[in-house]
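Under the UniProt record's numbering, the sequence shown has 99 at position 99, and the numbering climbs by one with no breaks. Ideal Cβ positions, reconstructed from N, Cα and C, are used throughout, including at glycine. Just so we're clear, the structure is a prediction, and the values are computed from it rather than from any experiment. First comes the structure, then the notes that go with it.
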Amino acid sequence: MNILLWHVHGSWTTSFVHGKHRYLVPATPDRGPYGLGRARTYTWPESAAEVSPEQLRDAEVDVVILQRPEEVDLAAEWLGRRPGRDLPAIYVEHNTPKDGQVPHSRHPMADRDDLLIAHVTAFNELFWDTGSTRTTVVDHGIVAPAVAYTGELDRLAVVINEPVRRWRVTGTDLLPRFAEIAPLDVFGLKVAGLAAHLGLPADRLTSHDDVPQHRMHAELARRRAYLHLCRWTSLGLSLIEAMSMGMPVVALASTEAVMAVPPDAGALSTRVDDLLAAAGRFVAEPEQARRAGVQARAAARERYGLDRFLADWDRLLEEEVCG
Numbered sequence: 001m002n003i004l005l006w007h008v009h010g011s012w013t014t015s016f017v018h019g020k021h022r023y024l025v026p027a028t029p030d031r032g033p034y035g036l037g038r039a040r041t042y043t044w045p046e047s048a049a050e051v052s053p054e055q056l057r058d059a060e061v062d063v064v065i066l067q068r069p070e071e072v073d074l075a076a077e078w079l080g081r082r083p084g085r086d087l088p089a090i091y092v093e094h095n096t097p098k099d100g101q102v103p104h105s106r107h108p109m110a111d112r113d114d115l116l117i118a119h120v121t122a123f124n125e126l127f128w129d130t131g132s133t134r135t136t137v138v139d140h141g142i143v144a145p146a147v148a149y150t151g152e153l154d155r156l157a158v159v160i161n162e163p164v165r166r167w168r169v170t171g172t173d174l175l176p177r178f179a180e181i182a183p184l185d186v187f188g189l190k191v192a193g194l195a196a197h198l199g200l201p202a203d204r205l206t207s208h209d210d211v212p213q214h215r216m217h218a219e220l221a222r223r224r225a226y227l228h229l230c231r232w233t234s235l236g237l238s239l240i241e242a243m244s245m246g247m248p249v250v251a252l253a254s255t256e257a258v259m260a261v262p263p264d265a266g267a268l269s270t271r272v273d274d275l276l277a278a279a280g281r282f283v284a285e286p287e288q289a290r291r292a293g294v295q296a297r298a299a300a301r302e303r304y305g306l307d308r309f310l311a312d313w314d315r316l317l318e319e320e321v322c323g
């Protein structure tokens, strides 16, 4: 199939474009949010091709993958065809509600008969009110990292995008407590200067800003354990990637993390003191960390493998496009 989709979430899109189809990814001269084009820090196959808005007018498109409400009108403008009416459309919902109305949050695509909403977690589907719009869940899948856990450094790794702006959502406010246990390495977008913002000495938190994925994976694998402190999110793909490498996990038992992290893969709790104690044990006992990491790797590869993810999407696409 020829699939139109915007490059919105790098990790998810990386998995999606590894399928057997042709992926048309809009690119504009400014490389803005609606024309980002191919990824720069992720490895994508050649079947993901950049197209300009002008080229889309005459492009053969079998289905549109929507990820933001405004893409409905944008796709209609660029294609000259209305998604959901003139060609099939699937809206992928990556996020939990952020409108402050939980559990009454109405999805922007609620009560529509012209598309299907595909949630990336069952937690998302549970908390969004989509009215009469059809929904399904396609659990995440990842391209397995090419590196394996060593845990040689008695440091804790975290991956957060925009930790200052998102703050309590991403658990940024909790980082100083974990920095007392072991030095932190924080990877992600807009993490530069985070130690100063938190009032931490530079030797307790090191920022690694916008590191290419393969390099980030190599560095994560050397740290003793992975911290996942998000209070309210869908399910961080970096968490699954860390588990898939064999990293033990210290995670808040909130959102879909409770389904992703089995008890023997690390520590999962809503009590921060319990997580601090677990992080301390992993730092002090590398062999215990390694054993938990083995379980984390097995769980991640069984549930979030790329083959399962792509097979699920192929079935869904065939149902929606071919009927």
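DSSP beta-bridge partners of residue i
i           : result
residue 2   : 22
residue 187 : 159, 208
residue 268 : 251
residue 106 : 129
residue 305 : 142
residue 64  : 4, 89
residue 279 : In DSSP, residue 279 forms no bridge with anything.
residue 228 : 251
residue 116 : 90, 134
residue 83  : 87
Inter-residue Cα distance where the pair is residue i and residue j
i           : j           : result
residue 295 : residue 58  : 50 Å
residue 246 : residue 192 : 27 Å
residue 72  : residue 34  : 12 Å
residue 200 : residue 270 : 24 Å
residue 30  : residue 123 : 35 Å
residue 185 : residue 158 : 6 Å
residue 291 : residue 242 : 14 Å
residue 165 : residue 322 : 43 Å
residue 311 : residue 210 : 31 Å
residue 11  : residue 142 : 8 Å
residue 87  : residue 55  : 17 Å
residue 304 : residue 244 : 9 Å
residue 14  : residue 44  : 6 Å
residue 198 : residue 187 : 15 Å
residue 5   : residue 25  : 6 Å
residue 300 : residue 53  : 38 Å
residue 195 : residue 212 : 21 Å
residue 144 : residue 171 : 26 Å
residue 83  : residue 22  : 18 Å
residue 69  : residue 27  : 19 Å
residue 273 : residue 233 : 21 Å
residue 146 : residue 103 : 39 Å
residue 167 : residue 60  : 43 Å
Which listed residue (the options) has its alpha carbon closest to that of residue i
i           : options            : result
residue 99  : 169, 279, 178, 202 : 169
residue 297 : 262, 167, 129, 281 : 262
residue 136 : 61, 117, 128       : 117
residue 93  : 307, 9, 171        : 9
residue 63  : 1, 183, 97, 256    : 1
residue 215 : 42, 3, 7           : 42
residue 318 : 90, 82, 70, 28     : 90
Distance between beta carbons of residue j and residue i, contact taken as under 8 Å
i           : j           : result
residue 278 : residue 266 : 7 Å
residue 237 : residue 140 : 6 Å
residue 260 : residue 239 : 7 Å
residue 121 : residue 287 : Residue 121 to residue 287, Cβ: 33 Å. No contact.
**Report entry** At least 3 beta-carbon pairs within less than 8 Å: the region 108-128 vs the region 25-45
**Finding:** No, the region 108-128 does not touch the region 25-45.
Requested in this report: Assess, as a yes-or-no matter, whether the region 36-50 is touched by the region 172-181 under the definition of 3 or more beta carbon pairs within less than 8 Å.
Outcome: At 8 Å Cβ cutoff, the stretches do not touch.
Query raised in the report: Three or more beta-carbon pairs under 8 Å between the region 222-237 and the region 150-165, yes or no?
Result: Yes, since at least three Cβ pairs between the region 222-237 and the region 150-165 fall closer than 8 Å, the two stretches touch.
Query raised in the report: Do the region 9-20 and the region 72-84 meet, that is, are 3 or more Cβ pairs less than 8 Å apart?
Result: Too few Cβ pairs lie closer than 8 Å, so no.
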